[in-house]
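A.B. asks: Here it is, the structure in full.
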């Protein structure tokens, strides 16, 4: 497990960073959370500051199932009120911010969306003086391709994509993304309801890059999703929890941390990394350019990087932490999980999303919309239905005219 080995090799450095971050006596916030004592956590107390935080669904320890309520702990510590809402895909989050329909202070997009938002001047550069806990992020996750100078982002969690399936409904365990095109699963397949993740699955199946370089490449791969659509029960995001846990579908695709949660709730479920490879994503904490509370937002990001907070979040949501200091404190079941920390063989086949050109992005959006509205039988079938409706309407109008004429004669 290359990722796990890298974590282990970072222990000495992380211990030094942790010692620096916790130089003063820690402040006990809850029974499970203490934070750095040399950080001014109360400088906004009594100022009626409200932070609007926009995160993925099911992506923070929220107090359920005996977990720590991280947001409530932050509010208790700082006196800052948090208005916490969720989104279900990078694309829906981006569209909402781009439209100006709402203003947020902290968002948590994935790497490729970060690159797009940086390019469009949608993020504020961070003042790392207000985020000293950035020192707890492992070196391998700093200065990434999507934010080369680490000007805008602090990594939150890492995840990979894979297949989750119900062992009581599947005769033979799937091994390949191509299994999602198998007609034996017709009506029992759940697919991603976002264009990048769904496209990546079809691209892996076809042996192509998950980052298309031309509109023509997009068109070719999207034909595979169109061919698969008659077999798909539903395109889902967070809805997958209820469907897979409740045994409503045999096989689906989702993110590694959520798979751990679903398997905990239904032991009949199992997970596999497909042989073609999978997507590795880094979700990052950022501040939108429209935020009016940058310093308070940076305080929230710093709080999320606290070791106890990181442990609470990682253990509740099951995702991979970018902090060795956090990893050290995890319970062994998650610490050595082959889903959260996969083997070196699996890691070798991982690919990462990169920002696409405007032309390719536009083509992907168009083809995704076309695929979602596509019906088996194609436009000819729809044309026949439309023609039949027109004939029926014409006959009805003729009948009304004849009836009115007969009534007038009478």
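Numbering (our numbering), first residue to last: 5 to 414.
Using N, Cα and C, we set each Cβ at its ideal position, and we do this for glycine too.
Fair warning: this is a prediction, and the values are worked out from it, not measured in the lab.
1. For my contact list, residue 242 and residue 92 are in at a C-beta cut-off of 8 Å; report their separation, rounded to the angstrom.
2. Near residue 29, what residues of its chain come up, given a Cβ to Cβ distance below 8 Å and the 5 sequence neighbours on each side ignored?
3. Give me the Cα-Cα distance between residue 61 and residue 90, rounded to the nearest whole angstrom.
4. Would you check if there are 3 or more beta carbon pairs closer than 8 Å linking the segment 183-194 to the segment 282-289?
5. Output needed for residue 256: all residues of its chain with C-beta closer than 6 Å, excluding positions within five of it in sequence on either side, in chain order.
6. Determine whether the beta carbon atoms of residue 222 and residue 368 lie at a separation below 8 Å.
7. In terms of residue numbering, what span does the beta strand (DSSP E) encompassing residue 274 cover?
8. Is DSSP giving residue 357 helix, strand or coil here?
9. Which two residues bound the contiguous beta strand (DSSP E) that contains residue 93?
10. Is the segment 310-318 close to the segment 121-136, with three or more CB pairs under 8 Å?
11. Please report the Cβ distance between residue 192 and residue 237, rounded to the nearest whole angstrom; I am assuming they are in contact, meaning their Cβ atoms lie under 8 Å.
12. Do residue 64 and residue 292 come within 8 Å of each other at the CB atom, strictly closer than that value?
13. Terminal residues of the continuous alpha helix (DSSP H) containing residue 237?
14. Scan the segment 220-268 and note each continuous alpha helix (DSSP H) run of 4 residues or more that stays entirely inside, going in chain order.
15. Starting from the C-beta of residue 282, find all residues in its chain whose C-beta is less than 8 Å away, skip the five residues before and the five after it, and write them out in chain order.
16. If residue 378 sits next to residue 230, beta carbons under 8 Å apart, how far is it from one beta carbon to the other, in whole angstroms?
17. Which same chain residues, not among the five before or five after residue 33, have their C-beta less than 7 Å away from its C-beta?
18. Fully enclosed by the segment 28-86, which alpha helix (DSSP H) runs are 4 residues long or longer?
19. Going by DSSP, what residues sit across from residue 166 in a beta bridge?
20. Confirm, please, whether the CB-CB distance from residue 264 to residue 347 is below 8 Å.
21. Apply the 10 Å Cβ neighbour rule to residue 254 and answer buried if 16 or more other Cβ atoms are within range, or exposed otherwise.
22. Alpha carbon to alpha carbon, what distance is there between residue 326 and residue 145?
23. Look up residue 295 in the DSSP assignment and say whether it is helix, strand or coil.
24. Where do the N-terminal and C-terminal ends of the alpha helix (DSSP H) with residue 121 fall, by residue?
25. With which residues is residue 324 paired in a DSSP beta bridge?
26. Would you mind stating whether residue 58 and residue 115 have Cβ atoms separated by less than 8 Å?
27. For residue 285, write down the residues that DSSP places opposite it in a beta bridge.
28. For residue 66 and residue 302, what's the separation of their Cα atoms in angstroms?
29. List the whole-angstrom C-beta distance separating residue 359 from residue 120, where the pair is believed to meet the contact cut-off of C-beta under 8 Å.
30. Alpha carbon to alpha carbon, how far is residue 304 from residue 118?
31. Looking at residue 46 and residue 104, is the spacing between their C-beta atoms short of 8 Å?
32. State buried or exposed for residue 102, treating a residue as buried only when at least 16 other CB atoms are found within 10 Å of its CB.
C.D. replies: In short:
1. The C-beta distance from residue 242 to residue 92 rounds to 5 Å, short enough to meet the 8 Å contact threshold.
2. 41.
3. When only Cα atoms are considered, residue 61 and residue 90 end up about 5 Å apart.
4. Verdict: no, contact absent.
5. Excluding residues within five positions, the ones whose Cβ falls inside 6 Å are 168, 194, 244 and 248.
6. Remark: C-beta atoms of residue 222 and residue 368 approach each other more closely than 8 Å.
7. Annotation: the continuous beta strand (DSSP E) that includes residue 274 extends over 273-276.
8. In the structure shown, residue 357 sits in coil (DSSP, three-state: anything other than H, G, I, E or B).
9. From DSSP, residue 93 is part of no beta strand (DSSP E); its letter is neither H nor E.
10. No, they do not touch.
11. Taking 8 Å as the upper bound for CB-CB distance, residue 192 and residue 237 are in contact here, some 6 Å apart.
12. Contact: no.
13. Residue 237 -> not in any alpha helix (DSSP H); beta strand (DSSP E) instead, spanning 236-240.
14. Qualifying alpha helix (DSSP H) stretches, in chain order: 244-249.
15. Only 164, 165, 166, 208, 350, 353, 354 and 355 meet the Cβ criterion.
16. Contact holds; Cβ gap of about 5 Å.
17. The beta carbon of residue 33 sits closer than 7 Å to the beta carbons of 39, 77, 80 and 81 from its chain, once the five residues preceding and following it are set aside; these are given in chain order.
18. Counting only runs of 4 or more, we get 74-82.
19. Beta-bridge partners assigned by DSSP to residue 166: 258.
20. No.
21. Result: buried.
22. CA-CA distance, residue 145 to residue 326, rounds to 7 Å.
23. In the structure shown, residue 295 sits in coil (DSSP, three-state: anything other than H, G, I, E or B).
24. Taken as a continuous stretch (DSSP letters only), the alpha helix (DSSP H) holding residue 121 covers 115-123.
25. Beta-bridge pairing links residue 324 to 162.
26. Judged by their CB atoms, residue 58 and residue 115 are not nearer to each other than the 8 Å cut-off.
27. Under DSSP, residue 285 takes part in a beta bridge, and its partners are 163.
28. The alpha-carbon atoms of residue 66 and residue 302 are separated by roughly 20 Å.
29. Contact holds; Cβ gap of about 5 Å.
30. Computed Cα separation, rounded: 19 Å.
31. In this structure, residue 46 does not lie closer than 8 Å to residue 104 by Cβ.
32. By the Cβ-count criterion, residue 102 is exposed, with fewer than 16 other Cβ atoms from all chains shown falling within 10 Å of its own Cβ.
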